[in-house]
Amino acid sequence: MEEGKDQHTIPITSIRSGKGEAVCSDIFYYTNKIVNVIMVGEPHSEDWVLIDAGMPNSGQEIQNAAEKRFGKNNPPKAIILTHGHFDHVGGIIHLLDVWNTTVYAHPLEFLYLTGEKRYPEPDDGVEGGMLAKFSSIYPIEPINITCRLNELPEDGTIPELPEWKWYHVPGHAPGQIALFREKDRFLIAGDTFTTVKQDSLYSVLTQKKGIYGPPVYLTTNWEMAQESVEKLQQLEPEKVITGHGEYMEGAEFTEGLLELVRNFEKEAIPSHGKFVRNENKKTSG
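When the letters of the sequence shown are read in order and numbered with the UniProt record's numbering, they come out as residues 1 to 285.
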């Protein structure tokens, strides 16, 4: 297994960094600097699953958070990756070194998880705030976890999570997925949309809550990104954890998501950027 060749610590954080919250008995999310990792399973259960693996060099921190909830020498049954961007796989090599577990991802992400292909360079000239301008420092080289990597089943089921289904939601990344549990309408959205304005340094630092589109500097296909948000809204979720931002539920979330769907081109798609098609660009004035 190998880290990406450009992996390095990113000097950006938020007021939630290092904090975890159980939002129901079997769903716990932990904020690692500016990104969330999710642990699904009852406390101290041996049947638990980790979703995503945080920022670069975060493996020990995530391991510590997991041991606090589930106990030592109790690895997850599986690790599910919503996608392979640097802030979702940053700690995975360390975790796989200490945990004998399997990783599942969508096959369209495999090139970035087997050392074969790097992601496109972030767009630091895109319309957006300070974190968009800083995005050239974000790692894009692929990791290599081939020996532990498996495809998610084509039928939408998720190994080790029988109550959940996965949905392909590309746009931000080719093989991005979201997870949904129908019994309580719980959505784990990856970066399909966020609950914080991820390009704004102030919003990220303070974790100012709202419903926003995917991070603008790493979203490479806005048409697909819009379709993916619409797909998730049609599931009628009532609770959500996104890759970035705080947990949301109830009318604040459902109305916010519907508003994003209705106004996606205006609210989410940047006015300019190398991944923005001319016909989608906003007009000024």
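We treat Cβ as the ideally placed atom computed from N, Cα and C, and that holds for glycine.
In the structure shown, N64 adopts helical secondary structure according to DSSP, grouped into three states. The beta carbon of I93 sits closer than 8 angstroms to the beta carbons of M1, E2, E3, G59, I143, I145 from its chain, once the five residues preceding and following it are set aside; these are given in chain order. Taking G115 as the centre and dropping the five residues before and after it, the same chain places the C-beta of E2, P142, I143, N144, T146 closer than 8 angstroms to its C-beta, in chain order. Residue pairing for W164: DSSP places it in a beta bridge opposite R181. DSSP, read as helix, strand or coil, puts I15 in coil. DSSP places Y30 outside any alpha helix (DSSP H); the residue lies instead in the beta strand (DSSP E), whose first and last residues are 27-32.
As far as DSSP is concerned, T242 takes part in no beta bridge. Under the DSSP definition of a beta bridge, T194 partners with Y212. In the structure shown, the three-state DSSP call for M1 is coil. When only Cα atoms are considered, E121 and G171 end up about 15 angstroms apart. When Cβ pairs closer than 8 angstroms are counted between the two stretches, the stretch 214-225 is seen to touch the stretch 171-183, the count reaching three or more. I92: member of the alpha helix (DSSP H) spanning 92-98, first to last residue.
Shortest Cα-Cα distance from L50 to any of W99, E255, F86 involves W99. The way I'd put it, the stretch 193-210 does touch the stretch 12-29; three or more beta-carbon pairs between them come closer than 8 angstroms. Between Y104 and A78, the C-beta gap is smaller than 7 angstroms, which places the two residues in contact. Residue W166 holds the alpha-carbon nearest to the alpha-carbon of I177 among Y30, W166, N57. The beta-carbon separation of F180 and L96, rounded to 26 angstroms, does not stay under the 8 angstroms limit for a contact. Residue burial is scored here from C-beta neighbours: A251 has fewer than 16 other C-beta atoms within 10 angstroms and is therefore classed as exposed.
Ranking F110, V89, R185 by CA distance to the CA of F253 puts R185 first. Ranked by how close their Cα comes to the Cα of D123, the residues E230, E255, Y138, A53 have Y138 in first place. Rounded to the nearest whole angstrom, the CA to CA distance from M55 to T82 is 14 angstroms. Taking the C-beta atoms as reference points, E255 is found no nearer than 7 angstroms to K209. Contact annotation: G175 and E109 have beta-carbon atoms nearer than 7 angstroms.
Following the DSSP letters along the chain, one finds V103 inside the beta strand (DSSP E) bounded by residues 102-105. Cα atoms of I158 and D52: separation of roughly 14 angstroms, rounded to the nearest angstrom. Partner residues in the beta bridge of G20, as assigned by DSSP, are Y30. Counting along the chain, A78 sits inside the beta strand (DSSP E) bounded by residues 78-80. In the DSSP assignment, the residues bridged to E151 are A105.
Note on geometry: alpha-carbon atoms of H44 and D155 lie some 30 angstroms from one another. When T101, F275, P76 are compared, the shortest CA-CA separation from P215 is found for F275.
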